[in-house]
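Written out below as structure tokens is the structure these notes cover.
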Amino acid sequence: MVWDGLVVDVTDLKRAEETLRKREALLEESQRVARLGNWELDIASERVTWSKQLFALFNRDPALLEPSYQETVQKYWAEDAGKLVRAIERAISTGESYKLILRASQTDGSTIYIEAIGHAQFNADGEVIRLYGTAQDVTEREAALNKRKQAEEELRRSETLLATAQKVAHTGSWEWYLESQKQIWSAETFRIFGLNPTELVPTQAAFLQTVHPEDRPLLQRQLLHAIAKGNPFNLEYRIVRPDGSLRYLELRVEVAYDTPGKTIRLYGAILDITERKESELEITKSRDLLEAVFNESADALFLVDIETLLTIDCNNRAVELFAASSKAELIGIQGLTLQKEQFTSEELTTIGEEISQQGLWSCEIEYLSRAIPFGETWQSNKSGLLTKW
């Protein structure tokens with residue numbers, strides 16, 4: 001028997017085939033995990049080729065084979081399909097690659113987000129003959145991005161509302177990090193100190209220089225005590241702005257600690273109370289002036305409670321004219337008891353009505369003092385002020 005044939009060593013070929021199978025299996029597993037598939041589009045025939053994972057991505061039965069180009073486009077929302085068509089046309093015309101985020105509707109009615117990437121392949125004449133690329137399900141990533149965008153938008157809205165509220169209320173916020181000495185001021189804090197919000201935050205030393213010299217030592221002591229003891233505090237003090245104007249501020253300080261309980265940060269609010277303080281000072285000045293006029297008047301003046309008709313105050317001249325030992329002797333009594341003749345109930349009713357209607361009442365009344373009787377004209381008004389006329 002004679003054998004005639006050819007023996008070929010295919011070991012390397014088998015090894016190469018095995019390596020290829022392993023790589024293909026690895027690629028398929030990688031695509032499955034990444035929810036990513038690859039595709040090709042032959043320009044001449046418009047034939048579309050999908051990888052196995054692309055079928056799974058779009059819930060399409062591989063037995064149905066690949067969809068046509070038109071069927072593929074129709075899987076996306078109309079608005080996104082238009083973007084895809086325009087990108088493909090540019091890629092075919094110019095060879096320009098594209099990367100898009102597209103929304104696709106699933107057979108169960110749900111929507112997934114697809115990151116579509118496409119590239120062009122050219123022939124020897126520089127003509128585009130094939131498009132190829134990938135499609136990846138990035139729904140979870142897009143949901144996270146959208147959530148982050150919403151959070152950022154909410155943060156911006158909150159910051160805008162806070163800035164507006166601070167501007168309206170003349171209230172600023174601030175932070176002071178003790179280790180780094182970094183300070184953070186809100187825009188309204190800059191405005192309260194007469195500074196431009198675009199400038200750098202002043203250093204602690206520069207900030208203290210803005211404080212009125214008479215108020216600076218107390219503020220420094222309070223800050224040091226808060227750092228050492230961790231005690232929050234409120235304090236009113238004055239500052240001098242760069243233009244020389246004086247402002248009254250109310251400082252509210254809170255303390256932040258690290259795990260061992262060491263003070264690491266002071267923060268709080270600062271309120272411009274200049275208008276309120278100026279009003280208070282004006283009221284005090286007016287009250288002092290009124291008291292001076294009341295006490296230094298040459299006439300005897302009484303303050304009388306309209307309801308009880310009891311005297312609640314009098315000036316020094318009243319004590320003198322009625323020969324009383326002190327004001328206490330003339331306070332808490334009915335002014336009527338000082339009259340020589342008492343009013344009748346009808347007269348008291350008439351007097352009350354006249355004061356209510358006209359704001360005052362006046363007539364001549366003869367009063368008695370411990371020294372001598374004297375006759376004077378007296379006037380009373382709604383506030384209960386009884387004066388000699």
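So the sequence shown is residues 1 to 389, counted in my numbering. Every residue, glycine too, gets a C-beta built ideally from N, C-alpha and C.
| said: Just to confirm my understanding: we take Asp-42, look at its own chain, exclude 5 residues before and 5 after, and list those with CB closer than 7 angstroms. What are they? | reply: For the purposes of this step, residue 42 is identified with residue 42 of the sequence shown, where counting begins at 1. So the list reads Arg-130, once near-sequence residues are dropped.
| query | Can you tell me where the alpha helix (DSSP H) with Ser-286 in it begins and where it stops? | reply | The residue you call residue 286 lines up with position 286 of the sequence shown. Run containing Ser-286: 274-296, per the alpha helix (DSSP H) assignment.
| query | Counting pairs of Cβ atoms below 8 angstroms between the region 56-69 and the region 146-160, do you hit three or more? | reply | no
| Which residue spans inside the region 113-182 form an unbroken beta strand (DSSP E) run of at least 3? | 128-137 and 171-177
| Touch test, the region 221-230 against the region 275-289, Cβ-Cβ under 8 angstroms, three pairs minimum | no
| Among all the DSSP beta bridges, which residues are the ones paired with Asn-234? | Locating residue 234 in the sequence shown gives position 234, where the first residue counts as 1. Bridge partners of Asn-234: Arg-252.
| request: Go ahead and pull the three-state DSSP assignment for Ala-104. | output: Walking along the sequence shown from the start, residue 104 turns up at place 104. DSSP places Ala-104 in strand when its eight states are reduced to three.
| Reference Glu-179; option with closest CA among Tyr-367, Ala-256 and Arg-103 | As a position in the sequence shown, residue 179 is number 179, starting the count at 1. The residue with the shortest Cα to Cα distance from Glu-179 is Ala-256.
| task | Check whether the region 202-215 touches the region 237-251, taking contact to mean three or more Cβ pairs, one atom from each stretch, closer than 8 angstroms. | result | In short, these stretches touch, since the Cβ pair count reaches three.
| query | Under 8 angstroms between the Cβ atoms of Gln-334 and Leu-309? | reply | Sequence index remark: in the sequence shown, residue 334 carries index 334 (1-based). Sequence index remark: in the sequence shown, residue 309 carries index 309 (1-based). Yes, the Cβ-Cβ distance between Gln-334 and Leu-309 is below 8 angstroms.
| Minimum C-alpha distance to Glu-96 - residue among Thr-350, Tyr-69, Ala-124 and Val-128 | Along the sequence shown, one-based indexing puts residue 96 at 96. Among Thr-350, Tyr-69, Ala-124 and Val-128, the Cα nearest to that of Glu-96 is on Val-128.
| request: Can you have a look at Arg-247 and say buried or exposed, based on whether 16 or more other CB atoms are within 10 angstroms of its CB? | output: Here residue 247 corresponds to residue number 247 of the sequence shown, with the count starting at 1. The residue is buried, with at least 16 neighbouring Cβ atoms inside 10 Å.
| field | Phe-302 - DSSP class collapsed to helix/strand/coil | value | Stepping through the sequence shown from its first residue, residue 302 is reached at position 302. Residue state, collapsed to three classes: strand.
| With distances taken between CB atoms, is the gap from Ile-114 to Ala-135 smaller than 8 angstroms? | Stepping through the sequence shown from its first residue, residue 114 is reached at position 114. Stepping through the sequence shown from its first residue, residue 135 is reached at position 135. Contact: yes.
| message | Can you check which of these residues, Gly-194, Thr-198 and Gln-181, is closest to Ala-205 by C-alpha distance? | response | The residue given as residue 205 occupies position 205 in the sequence shown. Ranking Gly-194, Thr-198 and Gln-181 by Cα distance to Ala-205 puts Gln-181 first.
| Is it buried or exposed for Gln-357, if we count other Cβ within 10 angstroms and need 16 for buried? | Numbered from 1 along the sequence shown, position 357 holds the residue referred to as residue 357. So Gln-357 counts as exposed.
| query | By Cβ distance below 6 angstroms, which residues in the same chain neighbour Glu-341 in space, the five residues on each side in sequence not counted? | reply | For the purposes of this step, residue 341 is identified with residue 341 of the sequence shown, where counting begins at 1. Listed in chain order, the non-local C-beta contacts of Glu-341 below 6 angstroms within the same chain number zero, local neighbours out to five positions each way being set aside.
| field | Exposed unless 16 or more other CB atoms sit within 10 angstroms - verdict on Val-434 | value | With the chain covering 1 to 389 only, the question about residue 434 has no answer from this structure.
| query | Candidates Ala-91, Ile-355 and Pro-217: which alpha carbon is nearest Asp-305's? | reply | What you label residue 305 is simply residue 305 of the sequence shown in a count that begins at 1. Nearest C-alpha to Asp-305: Ile-355.
| Spatial neighbours of Asn-234 in its chain, beta-carbon cut-off 8 angstroms, leaving aside the 5 residues before and after | Position 234 of the sequence shown, counted from the first residue, corresponds to residue 234. If we look at Asn-234 and ignore the five residues flanking it on each side, its Cβ neighbours are Glu-250, Leu-251, Arg-252 and Val-253.
| said: Restricting to runs no shorter than 3 residues, where is the beta strand (DSSP E) found entirely within the region 304-377? | reply: 311-314 and 360-367
| What distance in whole Å lies between the Cβ atoms of Asp-243 and Gly-194, which are believed to be in contact at a cut-off of 8 angstroms? | Numbered from 1 along the sequence shown, position 194 holds the residue referred to as residue 194. Numbered from 1 along the sequence shown, position 243 holds the residue referred to as residue 243. Yes, Gly-194 and Asp-243 are in contact; Cβ-Cβ is about 6 angstroms, under 8 angstroms.
| Starting from Val-48 and walking both ways along the beta strand (DSSP E), at which residues does that stretch end? | Residue mapping note: residue 48 aligns to position 48 of the sequence shown, counting from 1. Val-48 -> beta strand (DSSP E) spans 48-50.
| Asp-80 by DSSP, collapsed to three states: which one? | The count along the sequence shown starts at 1 and reaches residue 80 at position 80. In the structure shown, Asp-80 sits in a helix (DSSP, three-state: H, G or I).
| Beta-carbon proximity check, Asp-313 vs Leu-321, cutoff 8 angstroms | Sequence index remark: in the sequence shown, residue 313 carries index 313 (1-based). Sequence index remark: in the sequence shown, residue 321 carries index 321 (1-based). No.
| If you draw a straight line from the alpha carbon of Gly-261 to that of Pro-232, how long is it in whole angstroms? | Taking the sequence shown and counting its residues from 1, the one referred to as residue 261 is at position 261. Taking the sequence shown and counting its residues from 1, the one referred to as residue 232 is at position 232. Each residue's alpha carbon lies about 14 angstroms from the other.
| said: Using the three-state DSSP reduction, which class does Lys-229 fall into: helix, strand or coil? | reply: Here residue 229 refers to the residue found at position 229 when the sequence shown is read from its first residue. In the structure shown, Lys-229 sits in a helix (DSSP, three-state: H, G or I).
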